[in-house]
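One structure is given here, and the rest of the page talks about it.
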Amino acid sequence: MTLFTCPICAAPLQRQPARYCCPNGHSYDIAREGYVHLLPANRKHAKEPGDDREMTAARTRFLEGGWYDHLREALCALAAEHLREGGVLVDAGCGEGYYTAAIAETLSARGLAPRIAGVDLSKFALKKAARRVKAAEFAVASVYHLPMGDAAADVLLDCFAPLAIEEYRRVLRPGGAFLYVVPGPDHLMEMKEVLYDAPYQNPEETEVYDGFACEGELPVSKVLRLPSGGAIMDLLHMTPYAWKTPKEGIERLARLEELKVTASFRVLVFRKRS
Numbered sequence: 025m026t027l028f029t030c031p032i033c034a035a036p037l038q039r040q041p042a043r044y045c046c047p048n049g050h051s052y053d054i055a056r057e058g059y060v061h062l063l064p065a066n067r068k069h070a071k072e073p074g075d076d077r078e079m080t081a082a083r084t085r086f087l088e089g090g091w092y093d094h095l096r097e098a099l100c101a102l103a104a105e106h107l108r109e110g111g112v113l114v115d116a117g118c119g120e121g122y123y124t125a126a127i128a129e130t131l132s133a134r135g136l137a138p139r140i141a142g143v144d145l146s147k148f149a150l151k152k153a154a155r156r157v158k159a160a161e162f163a164v165a166s167v168y169h170l171p172m173g174d175a176a177a178d179v180l181l182d183c184f185a186p187l188a189i190e191e192y193r194r195v196l197r198p199g200g201a202f203l204y205v206v207p208g209p210d211h212l213m214e215m216k217e218v219l220y221d222a223p224y225q226n227p228e229e230t231e232v233y234d235g236f237a238c239e240g241e242l243p244v245s246k247v248l249r250l251p252s253g254g255a256i257m258d259l260l261h262m263t264p265y266a267w268k269t270p271k272e273g274i275e276r277l278a279r280l281e282e283l284k285v286t287a288s289f290r291v292l293v294f295r296k297r298s
């Protein structure tokens with residue numbers, strides 16, 4: 025049984041060995057790595073939407089270095105707390121599946137037997153995600169048009185992905201949990217002080233979303249000591265600062281022998297109202 029629906033007609037998809045197909049004759053080939061492309065051409069706003077190969081590789085190296093393990097552990101604990109046995113978790117903007125894989129392993133170890141789906145715009149990222157979590161389903165798709173039915177998910181995770189709150193409200197079942205990861209006020213402040221002349225803190229307000237009740241917030245923070253070279257520049261290239269920073273700032277960062285930087289996150293927990 026698949027969690028995905030047809031992006032053309034919204035009918036349930038059936039997974040076959042090499043493709044997904046719907047009762048109305050629409051068919052989608054499964055890539056060699058295991059993901060499926062469910063982004064219609066009229067919603068594809070670039071030749072290769074989403075993160076490119078270089079950004080995907082930088083993030084993969086950085087995350088596999090264990091630098092954000094404190095966030096990974098927090099998300100695993102929250103997912104296990106909010107997911108019922110046999111429940112469905114959707115990772116909206118899953119990237120390379122780093123957090124998806126850890127959550128899947130945690131939930132399975134606790135006997136919850138989850139069904140997991142991840143979506144992302146980047147095929148480069150999904151190649152990695154699909155290899156990481158064989159038991160999950162992954163699709164090239166937009167978080168603003170999730171290819172799944174109404175009330176299909178028990179838990180939905182958005183970790184630094186665009187906020188598509190109306191779509192999340194549609195896909196979550198009543199009483200389902202929405203885990204929303206945003207940067208803490210001091211997130212990467214030390215790096216921004218190197219890159220910019222007048223860096224500023226991230227906002228700390230908590231929005232109120234129609235149809236959701238805010239159940240709380242989990243602050244997750246750690247000071248990292250990144251060695252010169254790879255880790256520092258990988259961190260840069262997995263952020264928007266890579267393409268909106270003056271050349272002089274990037275050169276200053278590249279010359280550092282070490283970067284002591286705060287990795288600070290806010291995990292907001294919302295519950296969909298019945």
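Residue numbers (the working numbering): 25 to 298. Think of the CB as a built atom: it goes at the ideal place given N, C-alpha and C, for glycine as much as any other residue.
Do you know offhand how far residue i's Cα is from residue j's?
i	j	result
PRO207	HIS50	40 Å
THR124	ARG139	11 Å
GLU88	GLU97	14 Å
LEU145	ASP75	7 Å
PRO64	GLU282	44 Å
ALA163	VAL143	5 Å
VAL112	ALA104	12 Å
MET25	ARG39	7 Å
GLU239	GLY135	25 Å
ASP210	GLY121	25 Å
ARG290	GLU241	7 Å
CYS45	ALA188	26 Å
ILE274	LEU219	6 Å
ALA287	LEU99	15 Å
GLY90	ALA255	11 Å
ARG43	VAL247	45 Å
ARG77	LYS147	9 Å
PRO36	GLU231	33 Å
So if DSSP puts residue i in a beta bridge, which residue, or which two residues, is it bridged to?
i	result
ALA201	VAL179, ARG295
ASP53	ARG43
MET172	PHE28
GLU282	PRO251
PHE289	PRO207, VAL244
PRO36	THR29
VAL60	ILE54, ALA163
Does any C-beta atom of chain D lie closer than 8 Å to the C-beta of residue i?
i	result
TYR59	In the displayed structure, chain D is absent; only one protein chain is listed.
Does residue i come out as helix, strand or coil in the three-state DSSP assignment?
i	result
LYS158	coil
TYR44	strand
ARG194	helix
ALA165	coil
HIS94	helix
PHE184	coil
GLU231	coil
ALA222	coil
GLY89	coil
LEU212	coil
With a cut-off of 8 Å on the beta carbons, I'd call residue i and residue j a contact; round off their distance for me.
i	j	result
ARG108	ASP178	6 Å
Any alpha helix (DSSP H) of 4 or more consecutive residues that is wholly inside the region 98-159: Listed in chain order, the alpha helix (DSSP H) runs fully inside the region 98-159 are 122-133, 147-156, counting runs of at least 4 residues.
Runs of alpha helix (DSSP H) wholly within the region 234-269 (minimum 4 residues, chain order): Listed in chain order, they are 254-261, 265-268.
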